[in-house]
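Since the structure comes first, as structure tokens, the remarks are kept for the end.
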Amino acid sequence: MRTQVAIIGAGPSGLLLGQLLAKAGVDNIIIERQTGDYVLGRIRAGILEQVTVDLLDEVGVGARLHAEGTVHHAIELVFDATRHPIAIDELTGGKTVTAYGQTELTRDLMEARAAAGLTTIYSADEVSLHDFDGANPRVRYRKDDQEHEIACDFIAGCDGFHGVSRATVKDSITEYERVYPFGWLGVLSDTPPVSPHAIVYGNSPRGFSLCSMRSLTRSRYYVQCPMDDKVEDWSDQRFWDELRRRLDPELAERIVTGPSIEKSIAPLRSFVAEPMRFGRLFLAGDAAHIVPPTGAKGLNLAASDVKYLSTALIEHFQEKSAAGIDSYSARCLRRVWKAERFSWWLTSLMHKFPDDGGFGQKIQEAELDYLVHSRAMSTALAENYVGLPL
Ligand code: RFL
Ligand code: PHB
């Protein structure tokens, strides 16, 4: 088999890159380790920046997102048992974010890919990358007990944090990392969201909490939990009780509880691998960087990486120019580090740090008080939350 771009991984980065390239007539094949159903079973991100929505529109998969997604004009911060709205649209000259689950977005991209007749190889085992230092890279994998090889011009490593792409070049990479001493316990439930107009971020002496949504009938909630907690430690009742105790009394009263349809614990990590290009191999999305979910930036960074990458590859094929390819890594990393900074800052502001004692909590409360009463600081939050320009 031969293609112009071999894409490793059928998550949001790989699927969106595939559509952007195909739209410009650049042939691509996606090689994915899991089945399509497994990929769709992962419950992850929920908040899209306007630049991400624009990219999805650009590849023609925005219809369901616009029909079913919820546009948020504000976020709310809860601390000291009081709610403080931050009008992100008013502070940014009209910019908003859209609540639309990563699962739905992935499904839309998968369907568009199938409709365009593009090849995706699911359940590919032992994927390995070769010869990307030269002009003729190759990708090998096993499927149905047979060895296969794809010859290509470029390889896009869109295979997430635990993928093979970054592991292949690990000796040529500098890693920057911070692991946080807690996790997020997330619950998905078929209940109306506590606030259909805003995403609610809570700071309390008991720890962080987050109220989000997938639709007017499906909600997503999180509470900060110790890193070594197990999902089995958390009955639904314990989760709802804990969430209520971390919110203000009015919100706590308003929460509609119900059985969880998914419950999982995610670790929190900041991570960047530099550079993001190795000859004819490029890393994009979670393969190159991880942010703690507090700023809702992971999926949005994946989208901006693949926008830069598709532009660079299209320029190569159509204009025979290497300018975009040569500047890919530096261009991505400029945006990545700003999102890393924002996600780290919001994580530090909103969570209870086990060793900080009362002092840390008091400093957080002072900063939060300053934040909600200072237009300059609220604007800085809003500007980053809606997403910095591409
Ligand atoms: P993915 O989604 O991990 O997809 C990578 C794909 O590669 C496959 N793969 C391989 N394929 C072939 N060979 C191999 N050796 C392979 N190894 C792996 C995997 O099976 C998978 O299908 O990475 P991608 O595409 O870069 O997308 C990144 C996003 O998924 C991620 O950044 C977000 O989910 C992060 N995130 C959020 N981002 C936002 O922008 N807004 C949010 O509100 C938001 N909330 C979140 C989040 C992530 C969370 N968790 C679980 C970490 C909330 C949570 C709780
Ligand atoms: C989500 O809906 O899953 C979500 C929302 C906001 C975040 C993180 C996750 O910051």
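The sequence shown begins at 37 in our numbering and counts up one residue at a time.
By construction, the Cβ of each residue, glycine as well, lies at the ideal position given by its N, Cα and C atoms.
Within a 10 Å sphere around the beta-carbon of R411 sit fewer than 16 other beta-carbons, which makes this residue exposed. Take G105, set aside five residues on each side of it, and the residues of its chain with a beta-carbon closer than 7 angstroms to its own are T134, A135, Y136, in chain order. Assigned with DSSP and collapsed to three states, E68 falls in coil, not helix or strand. A distance of 8 angstroms or more separates the beta carbons of E211 and F314.
Here L417 carries a helix assignment [DSSP, helix/strand/coil].
Under the DSSP definition of a beta bridge, S225 partners with S255, S296. If you check the CB distance, N64 and L145 do not come in under 8 angstroms. The shortest C-alpha to C-alpha distance from G196 to any of P262, D341, R281, D272 is the one to D341. Less than 8 angstroms separates the beta-carbon of H325 from that of L337. Rounded to the nearest whole angstrom, the CA to CA distance from Y421 to A192 is 28 angstroms.
A contact is defined here as three or more CB-CB pairs under 8 angstroms, and the segment 39 to 46 meets this definition with respect to the segment 67 to 76. Fully enclosed beta strand (DSSP E) runs of no fewer than 3 residues occupy 133 to 135 of the segment 126 to 153, in order along the chain.
Between ligand 1 and the CB of R69, the shortest heavy atom gap is smaller than 7 angstroms.
Counted as a single uninterrupted DSSP element, the stretch harbouring C188 is not any alpha helix (DSSP H), since DSSP gives it neither H nor E. Between G243 and H387, the beta carbon gap of about 7 angstroms places them in contact (Cβ cut-off 8 angstroms).
Annotation for E213: F307 place their beta carbon closer than 6 angstroms to its own, counting only its chain and skipping 5 residues before and after. In the displayed model, T210 falls within a strand according to three-state DSSP. From the listed residues P262, Q86, T118, the smallest Cα separation to I124 is found for Q86. Sequence-distant Cβ neighbours of S245 in its own chain, meaning closer than 6 angstroms and more than five residues away, are G238, V259, L279, R282. When the five nearest sequence neighbours on each side are left out, the beta carbons in the same chain lying within less than 7 angstroms of the beta carbon of E401 are those of F115, D116, in order along the chain. By the Cβ neighbour-count rule, L252 is exposed, with fewer than 16 other Cβ atoms within 10 Å of its own. Q397 and P241 do touch by the CB rule: their CB atoms are close to 6 angstroms apart, below 8 angstroms. The DSSP-derived three-state label of P173 is coil.
For the pair of segments examined, the segment 222 to 229 was found to touch the segment 292 to 305: the number of CB pairs separated by less than 8 angstroms reaches three.
With respect to L56, S346 sits close: the two C-beta atoms are nearer than 8 angstroms.
Sequence-distant partners of L407 (beyond 5 residues in either direction) whose C-beta falls short of 7 angstroms from its own C-beta, in its chain, are M413, S414, L417. CA-CA distance, H233 to K333, rounds to 20 angstroms.
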